[in-house]
Structures are given as C-alpha cells and as structure tokens.
Amino acid sequence: MRSLRDATSKKTTADVAIDLGTSNTRLGLRGKGVVVDQPSFVATQAGSRGREVVAIGKEARRMLGRTPANTQVVRPVREGVVADFEATEQLLRHLLRRLPTTTLLRPRLLVCIPSSTTEVERRAVTESARAAGGREVHLVATAVAAAVGAGLSISEAVGNMIVDIGGGRVEVAVTSLGGLVVRRSVPIAGDAMDEAVRNWLRDARGLLVGERTAELLKRRVGSAVLLQDPPQMRIRGRDLETGAPRELDVSANDLVEPLGAMVEQIRDVVLEALRETPPELCADIVAQGVLVCGGSARLYGLTDVLRDATGLPVLMADDPDLCIAEGAARMLDDSALLARSLEVS
Ligand SMILES: Nc1ncnc2c1ncn2[C@@H]1O[C@H](COP(=O)(O)OP(=O)(O)OP(=O)(O)O)[C@@H](O)[C@H]1O
Ligand SMILES: [Mg+2]
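Per my numbering, the very first residue in the sequence shown carries number 19; after that it's consecutive.
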C-alpha cells in the first residue's frame with residue numbers, strides 16, 4: 019500500500035462512493051448523490067461452478083427464512099466489517115452493474131469503513147472491492163464521510179462529534195482538521211436490537227418470530243423511552259408451546275426494557291468518547307452539538323436519551339440513512355477532501 023502522501027501528491031479523484039454497511043450498501047456518484055441503495059444480502063445456490071448468485075439486495079433479503087435447502091442467504095458484512103469475502107465481492111460486483119452509467123469499466127472506488135477497523139479488516143474490504151472490479155480503492159472513515167454529508171466543515175480546527183448508529187456497529191468519532199482525534203466503537207446496534215426483541219418475544223411472550231418480523235416491529239413501534247400513548251403493532255409468529263401460528267399485539271412500552279441494554283451501551287460509548295475528547299474540542303462540541311446518523315438513530319427517543327445523558331445538543335442528520343454515502347459522493351472529486359482518506363491501494 020502506498021502512503022497517503024504519495025498517493026495524493028498528484029490530483030486524486032475517484033468515480034464511485036460506496037458505503038458498505040452491515041444492513042445496507044449505498045453507492046453514490048459525483049453530482050448525483052446516492053444512486054443505489056440496497057440491503058446487504060446475497061442469495062446463492064450451489065451450481066456447477068460453485069456457489070452462484072441468484073439474488074442480491076432487496077430480493078435476496080425477501081428470501082430470508084424462506085429458502086429451499088439448496089439456497090443460502092448470506093449477509094456479507096457483520097458488525098460493520100467484511101465477514102464473507104466472496105459474498106462481499108458478489109454484492110459489490112452486482113451493485114456496481116446497476117449504476118446508471120456505462121463509462122465505468124473499472125471504476126476507482128471510495129469505500130467508507132468504520133474508523134476503528136484493524137489492518138486485516140481494511141485489507142478484506144480493499145481486496146473485495148478490487149475483486150468486484152475496482153481499479154483503485156480508497157478508504158475513508160465513515161465519520162469523516164458523515165460529517166461531509168451533514169455539511170460540517172471538517173477541515174477547520176474545530177471539533178465535531180459524529181455518532182453513527184448503524185445495523186452492526188456504533189461508531190463515535192471526534193474530527194478536527196480533517197483527522198480523527200477520538201474514535202470509539204461497539205459492535206452493538208440495530209441487529210442486536212432485533213435480536214433482543216426476538217428473545218423477549220420468545221422468553222416473555224412464548225412467541226417465535228423471524229428476524230424480519232422482529233426488525234419491522236422495532237422500526238414501527240420500538241422506543242428508547244416510555245410513552246404516554248404508546249403505538250401498538252400486531253405481529254404473527256409461532257407459539258413456543260403449541261407450535262401453532264398465533265397473533266400478538268405489542269406496544270412500544272413493551273419494547274423499552276428489551277431495547278434498554280443496547281440503548282445504555284450506545285449512551286455509554288458516547289460518554290466514554292466525550293471523556294477522551296481534549297477540552298478545547300469539547301468546548302466546540304458543546305457549542306455545535308453532537309451529530310447522529312445511521313438508520314438506528316431513528317429509534318424513537320434515542321436522541322433524547324443521548325441529549326439527557328450528555329447535556330449537549332444532539333442533532334440528527336437530515337437524512338440519517340444516506341448521510342454517509344452522500345458525504346462520500348461529495349468527496350469523490352475533491353482532492354483536498356480525498357487526501358483525508360485513510361489509505362489507497
Ligand atoms: N425507524 C427506525 N427505528 C429503529 N431502527 C431503525 C429504523 N429505521 C432503520 N433502523 C435500523 O437501522 C439499521 C440500518 O442502518 P444503516 O443503514 O445505517 O446500517 P448500516 O450502515 O448498514 O450498518 P453499519 O454501519 O453498522 O455497518 C437497521 O438495523 C434498521 O433496523
Ligand atoms: Mg453504516
């Protein structure tokens with residue numbers, strides 16, 4: 019791998035921005051923003067030439083829990099990092115083909131990765147992206163891309179705190195002068211919440227449900243705080259005792275306790291990052307507030323919990339799901355911003 023300085027001594031640009039996430043993968047192009055947004059799922063079948071892809075994205079996710087024995091639905095990314103190299107390559111290759119342009123035979127890719135990844139994890143992303151057809155692969159910390167996406171001026175000597183609450187990981191970073199001053203991360207986010215909801219339904223209500231139902235329930239009525247007039251949702255599952263299908267009404271308040279452990283961990287990692295932040299930058303964050311993004315930032319009441327715990331203004335990005343990919347797309351032809359990317363190979 020070349021050092022960042024060598025790589026950026028000439029004007030650097032990239033063609034496609036990729037936010038490769040545990041739950042969703044987004045591709046962005048310069049001037050166009052996010053043009054592909056698909057769940058990170060790959061369905062394969064055993065064929066004559068090994069495992070062949072039968073579906074990608076939404077279509078593959080729909081197959082989850084409904085596949086015959088010879089079909090497998092894989093989630094290539096877990097806890098924010100590549101867990102299945104081959105499936106990641108397949109996902110990226112297929113999504114790159116969906117770009118509305120024919121000029122990109124072997125595009126240069128800018129891939130967002132968690133700021134706290136190890137060298138080995140970074141290499142896995144780089145190699146998957148290359149194998150998927152990338153000519154050159156730049157890596158950028160998701161926190162930096164998120165800050166750009168939210169319109170923060172990351173190049174100045176001003177501290178910004180960014181909290182990305184995704185599907186597989188919570189990342190807290192403080193940026194200043196385009197670099198990362200503090201980085202903290204826990205592999206607990208949306209997936210862990212789904213699991214907690216599922217376990218609660220099984221243990222407290224004797225109802226077995228699939229991953230998709232648990233996630234839908236969380237998204238529709240999940241809450242980090244108790245509510246006066248909690249919304250409800252009727253779900254279907256299988257009774258643990260009788261094995262028969264059964265319906266159940268679940269209220270937002272039922273889910274506060276099962277989700278509580280995750281909410282507390284998210285709060286604690288933000289508090290830890292604040293404790294590590296140098297005083298001058300802390301003062302900036304007090305003035306500017308904490309930016310939250312990522313799909314799980316949408317959990318009802320979560321930003322209120324963070325606001326209460328930190329005593330700071332907590333601002334949700336305008337589009338928390340797309341903010342990272344939008345920011346990365348904006349970085350594509352900005353060589354000064356790209357110079358902030360972590361490494362290039
Ligand atoms: N309204 C909502 N309430 C709670 N959670 C939500 C809501 N909407 C989406 N989510 C959750 O957001 C998560 C997906 O967020 P996002 O797309 O940011 O993750 P990702 O970038 O793929 O994951 P990561 O960055 O951790 O690798 C999923 O767990 C999803 O269930
Ligand atoms: Mg993400």
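Backbone N, C-alpha and C define an ideal beta-carbon position, used for all residues, glycine too.
Exposed unless 16 or more other CB atoms sit within 10 angstroms - verdict on residue i
| i | result |
| --- | --- |
| A343 | buried |
| N88 | exposed |
| G75 | buried |
| S314 | buried |
| S134 | buried |
| V277 | According to the sequence as given, residue 277 is Leu; it is not Val. L277 comes out buried. |
| S66 | exposed |
| T321 | buried |
| L195 | exposed |
| D37 | buried |
| R153 | exposed |
| A279 | exposed |
| A64 | exposed |
| V92 | buried |
| G83 | exposed |
| T136 | exposed |
| R115 | exposed |
| Q16 | Because the chain here runs from 19 to 363, residue 16 falls outside it and cannot be looked at. |
DSSP-derived helix/strand/coil call for residue i
| i | result |
| --- | --- |
| E290 | helix |
| G185 | coil |
| E213 | helix |
| I303 | helix |
| G224 | coil |
| S203 | strand |
| I74 | strand |
| E174 | coil |
| V274 | helix |
| T10 | Since the first residue shown for the chain is 19 and the last is 363, residue 10 is missing from the structure and cannot be characterised. |
| L317 | coil |
| L38 | strand |
| S269 | strand |
| M81 | coil |
| P263 | strand |
| G49 | coil |
| D352 | coil |
| T89 | strand |
| L235 | helix |
| A327 | helix |
| L195 | coil |
| R67 | coil |
| G240 | coil |
| D337 | coil |
| A61 | strand |
| L102 | For the sequence presented, residue 102 should be read as Asp rather than Leu. It is coil, neither helix nor strand. |
| L109 | helix |
| S21 | Note on S21: pLDDT 44, under 50, position unreliable in the model; the coordinate value appears next. In this structure, S21 counts as coil in the three-state DSSP scheme. |
| S363 | Unreliable positioning characterises S363 in this predicted model, as indicated by a pLDDT of 44, which lies under 50. The coordinate reading is nonetheless provided below. In the structure shown, S363 sits in coil (DSSP, three-state: anything other than H, G, I, E or B). |
| G208 | helix |
| D33 | coil |
| Q246 | coil |
Selected residue, minimal CA-CA separation from residue i, among the options
| i | options | result |
| --- | --- | --- |
| A73 | R67, S66, V60 and T85 | V60 |
| S146 | V100, L114 and P118 | V100 |
| I253 | G197, V268 and Q56 | V268 |
| N271 | P248, V155, D37 and H112 | P248 |
| S173 | L157, G184, E259 and T193 | T193 |
| L330 | S353, E154 and L289 | L289 |
| L226 | R237, L266, S203 and S241 | L266 |
| N217 | D33, R80, L244 and L258 | L258 |
| P118 | V181, V34 and T43 | V34 |
| E107 | E77, R69 and T85 | R69 |
| R316 | M349, K236 and P125 | K236 |
| R325 | L292, Q250 and R48 | L292 |
| I180 | V52, D55, V54 and I303 | I303 |
| T160 | A354, S353 and M349 | M349 |
| V274 | S241, R264, Q246 and G255 | S241 |
| V162 | V190, R148 and A149 | V190 |
| R264 | C300, G224, D286 and V243 | G224 |
Min CB distance residue i to chain C below 8 Å
| i | result |
| --- | --- |
| A87 | No chain C appears in this structure, which consists of one protein chain only. |
Output the residue ranges of the beta strand (DSSP E) runs that lie fully inside the segment 111-136 and measure 3 residues or longer, sorted by chain position. Counting whole runs of 3 or more residues, the segment 111-136 contains the beta strand (DSSP E) stretches 126-131.
Minimum length 3: unbroken beta strand (DSSP E) runs contained in the segment 135-162: Correct list: 154-159.
Tell me, please, whether the segment 288-296 touches the segment 186-202 by the rule of three or more beta-carbon pairs shorter than 8 Å. Contact between the segment 288-296 and the segment 186-202 is established, with three or more Cβ pairs separated by less than 8 Å.
Are the segment 155-172 and the segment 309-326 touching, with three or more C-beta to C-beta distances below 8 Å? Proximity of the segment 155-172 to the segment 309-326 meets the contact definition, three or more beta-carbon pairs being nearer than 8 Å.
Taking one C-beta from the segment 229-248 and one from the segment 336-356 each time, how about it: are there three or more such pairs within less than 8 Å? In this structure the segment 229-248 does not touch the segment 336-356; the number of beta carbon pairs closer than 8 Å is below three.
Is the segment 206-220 touching the segment 180-188 in the sense that three or more CB pairs, one from each, lie closer than 8 Å? Output reads yes: the segment 206-220 touches the segment 180-188.
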